[in-house]
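Residue 5 is where the sequence shown starts when you use my numbering, and the numbers rise one by one after that. Glycine included, C-beta positions come from ideal geometry on N, C-alpha and C. Working notes, structure below.
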Amino acid sequence: MSLTCLIIDDEPFARKLLLDFCSRVPNLEVKGDFSNGVEALQYLNIQAVDFIFLDIKMPGITGIEMLNSLRNAPKVVFTTAFSEYAIDGFELDAVDYLLKPFDFPRFLKSVNKVQTALQPKSIDISQKTESDFLFVKDGRELVKLKLNQILYVKGQKDYVMFMLSDKRVMSLMNMKGLEEELKGKQFVRIHQSFIINAQHIESISNDRVKVGEEFLPISQSYKLSFRSFIEKFQ
Numbered sequence: 005m006s007l008t009c010l011i012i013d014d015e016p017f018a019r020k021l022l023l024d025f026c027s028r029v030p031n032l033e034v035k036g037d038f039s040n041g042v043e044a045l046q047y048l049n050i051q052a053v054d055f056i057f058l059d060i061k062m063p064g065i066t067g068i069e070m071l072n073s074l075r076n077a078p079k080v081v082f083t084t085a086f087s088e089y090a091i092d093g094f095e096l097d098a099v100d101y102l103l104k105p106f107d108f109p110r111f112l113k114s115v116n117k118v119q120t121a122l123q124p125k126s127i128d129i130s131q132k133t134e135s136d137f138l139f140v141k142d143g144r145e146l147v148k149l150k151l152n153q154i155l156y157v158k159g160q161k162d163y164v165m166f167m168l169s170d171k172r173v174m175s176l177m178n179m180k181g182l183e184e185e186l187k188g189k190q191f192v193r194i195h196q197s198f199i200i201n202a203q204h205i206e207s208i209s210n211d212r213v214k215v216g217e218e219f220l221p222i223s224q225s226y227k228l229s230f231r232s233f234i235e236k237f238q
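Next up, the structure:
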């Protein structure tokens with residue numbers, strides 16, 4: 005799934021940084037970058053995009069005023085150096101809120117959130133989800149992983165290992181953050197070190213689950229939440 009976006013920020017450095025970050029993400033196309041909300045409004049009244057990176061505090065017309073002026077607003081990721089504007093941003097149903105300065109991993113998390121927000125709200129475990137994916141950093145490469153191809157994820161200190169049927173991909177991130185990012189999809193945590201894809205469950209016993217050809221432990225602390233998750237599909 006390709007994504008299109010606009011960058012709207014009165015700070016030249018901020019626009020340059022976002023342009024650089026966007027260029028690193030496959031299938032993400034920047035349709036334009038604007039230094040003020042008026043020019044962006046003129047563009048959006050003619051052309052549609054999937055989402056916008058929008059600074060809140062800008063001279064003339066603020067980001068929030070600009071958003072309120074749009075009849076059919078795209079998804080929005082607010083960017084600002086002022087944390088006190090976060091509440092205003094989320095009241096407008098923003099997908100995410102980037103507090104400056106932010107790095108590429110945090111930016112990438114926002115892009116993944118936009119991708120999730122643009123997908124259908126309900127996911128049937130029996131349906132294929134080939135259009136659902138994550139971008140993860142593996143060494144110097146940015147790798148696109150289709151969720152339905154992930155068997156399970158294993159946590160290893162500050163890294164996670166994505167186990168696919170034909171390969172493994174290691175990425176610098178923590179299990180808690182990944183668990184939150186996969187929330188609402190076909191993934192469930194069964195152990196401090198394991199998040200599994202329910203599509204690939206072969207069998208379940210009292211204290212372990214077979215995923216693909218692997219038997220993985222179900223810890224006592226996650227047993228109840230795992231059971232509740234499985235009951236939704238019975």
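So is the beta-carbon of residue i under 7 Å away from any non-hydrogen atom of the ligand GTP?
i     : result
Asn31 : As far as ligands go, the structure on display features none, and thus does not contain the ligand GTP.
Do residue j and residue i count as a contact pair if the criterion is CB distance below 8 Å?
i      : j      : result
Phe219 : Tyr156 : no
Lys148 : Leu176 : no
Val246 : Phe55  : The structure shown does not extend to residue 246, since the chain is modelled only from 5 through 238, so no value can be given for it.
Thr83  : Leu45  : no
Val164 : Ile194 : no
Phe111 : Phe17  : no
Val29  : Leu182 : no
Leu122 : Lys79  : yes
Measure the alpha-carbon distance for residue i versus residue j and round it to whole angstroms.
i      : j      : result
Lys117 : Val173 : 21 Å
Phe137 : Leu151 : 5 Å
Asp14  : Lys61  : 9 Å
Thr8   : Ala85  : 24 Å
Lys132 : Lys236 : With a pLDDT of 45 at Lys132, under the threshold of 50, the modelled position of that residue is not reliable, and the figure given next carries that caveat. If I take the Cα positions, the gap works out to 18 Å.
Ser126 : Thr120 : Low confidence applies here, because Ser126 scores a pLDDT of 44, under 50, leaving its location unreliable; read the following figure in that light. So the alpha carbons of these two residues sit roughly 11 Å apart.
Lys171 : Val34  : 32 Å
Leu74  : Glu185 : 29 Å
Ser27  : Asp211 : 45 Å
Lys20  : Leu10  : 13 Å
Lys227 : Ile205 : 15 Å
Lys187 : Asp162 : 20 Å
Gly216 : Ser223 : 19 Å
Leu22  : Val192 : 33 Å
Tyr101 : Ser232 : 31 Å
Gln153 : Ser169 : 7 Å
Ser114 : Ser6   : 15 Å
Ser225 : Gly143 : 33 Å
Ser229 : Ile12  : 42 Å
Met167 : Asn31  : 24 Å
Pro221 : Gln160 : 15 Å
Ile50  : Pro109 : 32 Å
Glu43  : Ile68  : 15 Å
Ile208 : Pro63  : 59 Å
Lys189 : Ser39  : 37 Å
Measuring alpha carbon to alpha carbon, tell me which residue in the options is nearest residue i.
i      : options                      : result
Ile65  : Val215, Ser6, Leu22, Gly41   : Gly41
Ala52  : Ala77, Gln160, Pro63, Lys189 : Ala77
Met179 : Gln190, Gln196, Leu168       : Gln196
Ile234 : Ala202, Gln153, Val115       : Ala202
Leu48  : Ser225, Asn31, Met70         : Met70
Asn72  : Pro63, Asp97, Ile50          : Asp97
Determine, for residue i, whether the minimum Cβ-Cβ distance to residues of chain D falls below 8 Å.
i      : result
Ile194 : The displayed structure is made up of one protein chain only, and chain D is not part of it.
Query raised in the report: What are the complete alpha helix (DSSP H) segments, minimum 4 residues, inside the stretch 38 to 120?
Result: 41 to 48, 67 to 73, 90 to 95
Query - Cβ contact (3+ pairs, closer than 8 Å) linking the stretch 33 to 48 and the stretch 104 to 111 - result: no
Query - Continuous beta strand (DSSP E) assignments of at least 3 residues falling wholly in the stretch 158 to 223 - result: 163 to 168, 172 to 176, 191 to 195, 198 to 201, 205 to 208, 212 to 215, 218 to 221
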